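Worksheet for the structure shown next.
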Amino acid sequence: MIGHCDLFPEIREKLGMEIDIANDAHGKWNLPNAMRIVRELESMRLMWHEELISPLNEEAHQRLQAVTSTPIAAAERLMTRYQHRRFIESSAARISMPDCPGRGVYRR
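Just so we're aligned, residue 13 is where the sequence shown starts under my numbering, counting upward by one.
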């Protein structure tokens with residue numbers, strides 16, 4: 013298994029299906045490895061995968077979301093509501109996660 017994927021079966025077994033589990037990778041993977049991760053963890057029924065790859069690449073996120081039923085969450089590093097809207101409308105992520113404290117107040 014790649015990365016930390018081997019930890020999730022044990023976590024899921026201990027917590028059961030009643031507790032939501034999410035996976036946050038801080039954008040450290042490339043697309044091929046991220047695709048392997050989401051496929052390997054599909055059976056774990058995670059709440060979401062957050063920023064497996066850089067959130068600045070919409071096309072890569074579209075490809076990643078296309079290979080899993082688990083929602084992809086991203087876009088903490090995007091700065092405006094327009095960037096978030098485009099990210100969601102392009103199917104780059106099913107969950108947009110603005111980082112308001114880290115980015116300040118969004119402006120129109």
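All C-beta atoms, glycine included, are put in the ideal place defined by N, C-alpha and C.
Being a predicted model, the structure only gives us computed values, none of them experimental.
- The beta carbon of A34 sits closer than 8 Å to the beta carbons of L58, M59, W60, H61, E62 and A85 from its chain, once the five residues preceding and following it are set aside; these are given in chain order.
- Comparing alpha carbon positions, the residue from I31, K26 and D36 closest to P83 is D36.
- In this structure I23 is not in contact with L43, their Cβ atoms being roughly 25 Å apart against a cut-off of 8 Å.
- In this chain, I31 is not harboured by any alpha helix (DSSP H), its DSSP state being neither H nor E.
- The C-alpha of R51 lies about 26 Å from the C-alpha of P110.
- By the 16-neighbour rule on beta-carbons within 10 angstroms, S108 is buried.
- G39 and L90 have their alpha carbons spaced roughly 13 Å apart.
- Restricting attention to beta strand (DSSP E) runs no shorter than 3 residues, the stretch 69-101 encloses them at 84-86, ordered along the chain.
- Going by DSSP, E63 is part of no alpha helix (DSSP H) at all; its letter is neither H nor E.
- Taken atom to atom, the span from the alpha-carbon of A46 to that of I31 is near 23 Å.
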